[in-house]
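The working numbering puts the first residue of the sequence shown at 131, with every later residue one more than the last.
The beta carbon of each residue, even a glycine, is placed where N, CA and C say it ideally should be.
In what follows, a single structure is set out as structure tokens and then discussed.
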Amino acid sequence: MPDCGEAVSRRIEPRSGESSAFVLSRGVVLLFAVACGAAVANVYFSQPLLVTMGHDLAMSPALVGSVVTLTHVGYGLGLFFLVPLGDVADRRRLIAAQLLLLAVALILVATAHTAAILLAGMAATGLLAVVTQTLVAFAASLAPPAGRGRVVGQVTSGVVIGILLARTASGLLADLAGWRSVYLASASLTALLALVLYRVLPRHSDAPPTALRYGQLLRSTVTLFARERLLRLRALFGLLIFAAFSTLWSSIALPLSEAPYFLSHSAIGALGLIGVAGALAATVAGRLNDRGLSRRTTGIALALLAASWLPLAFTRSSLWALFAGVILLDLAVQAVHVTNQTLIYALHPDAGSRLIGGYMVFYSVGSATGAIAATSLYTVAGWGAVCALGATFSCLGLVLWAFTRHSAPDPATIKMTSRSDS
131 MPDCGEAVSR RIEPRSGESS AFVLSRGVVL LFAVACGAAV ANVYFSQPLL VTMGHDLAMS
191 PALVGSVVTL THVGYGLGLF FLVPLGDVAD RRRLIAAQLL LLAVALILVA TAHTAAILLA
251 GMAATGLLAV VTQTLVAFAA SLAPPAGRGR VVGQVTSGVV IGILLARTAS GLLADLAGWR
311 SVYLASASLT ALLALVLYRV LPRHSDAPPT ALRYGQLLRS TVTLFARERL LRLRALFGLL
371 IFAAFSTLWS SIALPLSEAP YFLSHSAIGA LGLIGVAGAL AATVAGRLND RGLSRRTTGI
431 ALALLAASWL PLAFTRSSLW ALFAGVILLD LAVQAVHVTN QTLIYALHPD AGSRLIGGYM
491 VFYSVGSATG AIAATSLYTV AGWGAVCALG ATFSCLGLVL WAFTRHSAPD PATIKMTSRS
551 DS
């Protein structure tokens with residue numbers, strides 16, 4: 131029997147009133163996915179380039195490290211302060227404006243000749259890259275309820291592919307034309323996407339946007355978390371899976387750069403190509419959600435996530451074990467993430483941006499926790515301890531699912547489900 135979230139995702143009609151005349155074709159879904167991947171990649175481009183950036187601008191090691199930190203801080207702030215605007219503004223114009231401003235920030239980074247300008251540009255890049263989540267919410271609002279999981283799955287696959295390929299693409303382009311070319315190329319692509327999306331996306335909705343002032347909008351995000359039990363539960367799942375995801379991807383370069391492999395930065399970055407296989411398969415999770423199998427999909431994916439750390443533990447002795455573990459981990463994380471976003475959006479389609487933005491704050495917390503803990507633990511205890519940490523995050527998610535999968539739905543969800551039946 132489907133859980134309450136599954137019932138809502140299948141039966142509730144969107145109340146946001148996005149243009150009913152607009153047809154969400156496969157081409158438009160692909161455009162959404164490409165735009166999401168291109169936007170979020172800007173957050174990760176700098177990671178293989180830090181040494182070169184620091185040398186070029188005469189930055190100290192501590193100051194170089196703050197490049198990544200400021201980018202992620204900006205992204206976290208954008209999730210809370212910018213993404214909710216999608217519920218009160220014309221999303222088409224909002225997306226185009228944010229993409230154009232993101233292009234300006236990228237040009238600022240590419241032309242920076244002092245550390246201060248570079249850091250300001252990176253913080254602005256992180257802040258504006260949250261247009262990714264506005265795109266996800268917009269795609270979900272345009273999708274028919276019966277096919278929303280499929281659409282969210284395809285668009286979110288673009289996000290993960292952008293994250294996984296960002297390091298590889300930036301490393302290769304920097305080798306060919308220098309680190310600044312990475313940001314100039316991204317700025318050009320971002321500006322082009324802004325123009326294309328502005329022409330392709332629907333011009334208006336059939337109903338006016340939510341009539342909330344900005345302060346009320348931010349407070350309502352907190353209120354939604356206080357009121358919706360399903361949202362709190364799925365946010366916790368998100369925190370745990372992305373803590374596990376970050377545990378792997380923030381530390382995997384450390385054992386691969388040492389004996390017995392001594393892989394180059396480009397070779398390590400190419401590992402993202404392996405992870406793409408898992409990300410592409412996540413569209414299956416969206417289709418399963420549309421069939422009312424969200425709870426089962428979540429449980430199976432969390433079990434795979436926990437199991438992925440077994441082959442990952444043998445990374446030092448077998449690259450094939452590493453490849454298998456990476457595919458399992460990325461597939462599992464994507465499956466849970468797609469299910470989370472589909473279910474929480476269905477709670478209140480007219481508050482989709484606030485729901486997804488608030489949920490993604492937990493993603494940021496989980497990612498930061500996994501990265502800090504994994505790199506610190508590797509220094510003192512080695513790769514085996516890092517794998518134990520990732521397995522712990524994964525098993526906590528599986529235990530949480532086991533204890534909550536048969537729990538009663540909260541009153542708000544019951545009322546919404548019954549209202550959609552009438």
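| said: With distance defined between alpha-carbon atoms, name the residue in ILE291, ARG359, SER424 nearest to ALA171. | reply: In the sequence shown, the residue the question calls residue 171 occupies position 41. When each option's Cα is compared against that of ALA171, the closest is ILE291.
| request: Return the residue from the list SER316, TRP379, SER524 that minimises the CA-CA distance to ALA259. | output: On the sequence shown, residue 259 is found 129 positions in, with the first residue counted as 1. Here the closest residue by C-alpha is SER316.
| What distance in whole Å lies between the Cβ atoms of GLY496 and GLY368, which are believed to be in contact at a cut-off of 8 Å? | In the sequence shown, counting from the first residue as 1, residue 368 sits at position 238. In the sequence shown, counting from the first residue as 1, residue 496 sits at position 366. Indeed they touch by this definition, with Cβ atoms about 7 Å apart.
| task | Would you mind listing the alpha helix (DSSP H) stretches within the stretch 343 to 378 that are 4+ residues and don't spill past its ends, in chain order? | result | 344 to 357
| message | In whole angstroms, give me the CA-to-CA distance for ALA515 and ILE457. | response | Indexing the sequence shown from 1 puts residue 515 at position 385. Indexing the sequence shown from 1 puts residue 457 at position 327. Rounded to whole angstroms, ALA515 to ILE457 spans 21 Å at the Cα level.
| Buried/exposed call for TRP450, threshold 16 Cβ in 10 Å | Here residue 450 refers to the residue found at position 320 of the sequence shown. Label assigned to TRP450: exposed.
| field | Buried or exposed (CB count within 10 angstroms, at least 16 for buried), VAL510 | value | Within the sequence shown, residue 510 is the residue found at index 380, counting from 1. With fewer than 16 Cβ atoms within 10 Å of its Cβ, VAL510 is classed as exposed.
| What residue range is occupied by the uninterrupted alpha helix (DSSP H) comprising LEU528? | Taking the sequence shown and counting its residues from 1, the one referred to as residue 528 is at position 398. Counting along the chain, the alpha helix (DSSP H) containing LEU528 begins and ends at 513 to 534.
| field | Cβ shell of LEU434 (< 7 Å), same chain only, five flanking positions each side left out | value | Numbered from 1 along the sequence shown, position 304 holds the residue referred to as residue 434. Here the set comprises LEU458, LEU461, ALA462.
| request: Determine, using beta carbons only, whether GLY455 and ALA270 come nearer to each other than 8 Å. | output: As a working note, residue 455 is residue 325 in the sequence shown. As a working note, residue 270 is residue 140 in the sequence shown. No, the Cβ-Cβ distance between GLY455 and ALA270 is not below 8 Å.
| Does the distance from the C-beta atom of THR353 to that of LEU232 stay below 8 Å? | For the purposes of this step, residue 353 is identified with residue 223 of the sequence shown, where counting begins at 1. For the purposes of this step, residue 232 is identified with residue 102 of the sequence shown, where counting begins at 1. The answer is no: Cβ separation not under 8 Å.
| field | Three-state class that DSSP yields for TYR508 in the structure shown | value | Sequence index remark: in the sequence shown, residue 508 carries index 378 (1-based). Of the three classes helix, strand and coil, the one that applies to TYR508 here is helix, per DSSP.
| said: Counting C-beta neighbours from all protein chains within 10 Å, is the total for ARG359 16 or more, i.e. buried, or is it exposed? | reply: Counting from one through the sequence shown, the residue named residue 359 turns up at place 229. Counting Cβ neighbours within 10 Å, ARG359 comes out buried, since at least 16 surround it.
| query | Are LEU473 and SER506 closer than 8 Å when you measure CB to CB? | reply | Within the sequence shown, residue 473 is the residue found at index 343, counting from 1. Within the sequence shown, residue 506 is the residue found at index 376, counting from 1. Result no, Cβ atoms of LEU473 and SER506 do not sit closer than 8 Å.
| Just reading off the alpha helix (DSSP H) that ALA156 is part of, what are its end residues? | The residue labelled residue 156 in the question sits at position 26 within the sequence shown. In the sequence under discussion, the amino acid at residue 156 is Arg, which differs from the Ala named in the question. Start and end: 156 to 171.
| query | Can you find a C-beta in chain C that's less than 8 Å from the C-beta of PRO479? | reply | Protein chains in the displayed structure number just one, and chain C is not present.
| message | Measuring alpha carbon to alpha carbon, tell me which residue in THR499, LEU187, THR262, GLN228 is nearest VAL239. | response | Looking up residue 239 in the sequence shown gives position 109. Minimum Cα distance to VAL239 is reached at LEU187.
| request: Would you mind giving the Cβ-Cβ distance between ARG378 and GLY527, rounded to the nearest angstrom? I have them listed as a contact below 8 Å. | output: If you number the sequence shown from 1, residue 378 lands on position 248. If you number the sequence shown from 1, residue 527 lands on position 397. Before going further, note that residue 378 is Leu rather than Arg in the sequence given. Not quite, the Cβ-Cβ distance comes to about 15 Å (not below 8 Å), so this is no contact.
| said: Output needed for PRO214: all residues of its chain with C-beta closer than 7 Å, excluding positions within five of it in sequence on either side, in chain order. | reply: As a working note, residue 214 is residue 84 in the sequence shown. LEU347, LEU348, THR351, SER483, ARG484, GLY487.
| Would you report the Cα separation of PHE355 and LEU331, rounded to the nearest angstrom? | Position 225 of the sequence shown holds residue 355. Position 201 of the sequence shown holds residue 331. C-alpha separation (whole angstroms): 30 Å.
| query | Per DSSP, what kind of secondary structure is ASP555 in: helix, strand or coil? | reply | With the chain represented from 131 up to 552, any question about residue 555 goes unanswered, as that position is not in the structure.
| query | Just reading off the alpha helix (DSSP H) that MET183 is part of, what are its end residues? | reply | Taking the sequence shown and counting its residues from 1, the one referred to as residue 183 is at position 53. Looking at the DSSP string, the run of the alpha helix (DSSP H) that includes MET183 is 180 to 186.
| said: Just verifying my parser: in three-state terms, what is the DSSP assignment at THR264? | reply: Within the sequence shown, numbered from 1, the residue matching residue 264 stands at position 134. In the structure shown, THR264 sits in a helix (DSSP, three-state: H, G or I).
| query | From what residue to what residue does the alpha helix (DSSP H) around VAL468 run? | reply | Your numbering for residue 468 matches position 338 in the sequence shown. From DSSP, the alpha helix (DSSP H) with VAL468 extends over 449 to 477.
| task | Determine the extent of the alpha helix (DSSP H) in which ASP420 is found, giving its start and end residues. | result | On the sequence shown, residue 420 is found 290 positions in, with the first residue counted as 1. Here the alpha helix (DSSP H) through ASP420 covers 413 to 420.
| field | Residue interval of the alpha helix (DSSP H) (run including THR244) | value | For the purposes of this step, residue 244 is taken as residue 114 along the sequence shown, with counting starting at 1. Here THR244 belongs to no alpha helix (DSSP H), and DSSP marks it neither H nor E.
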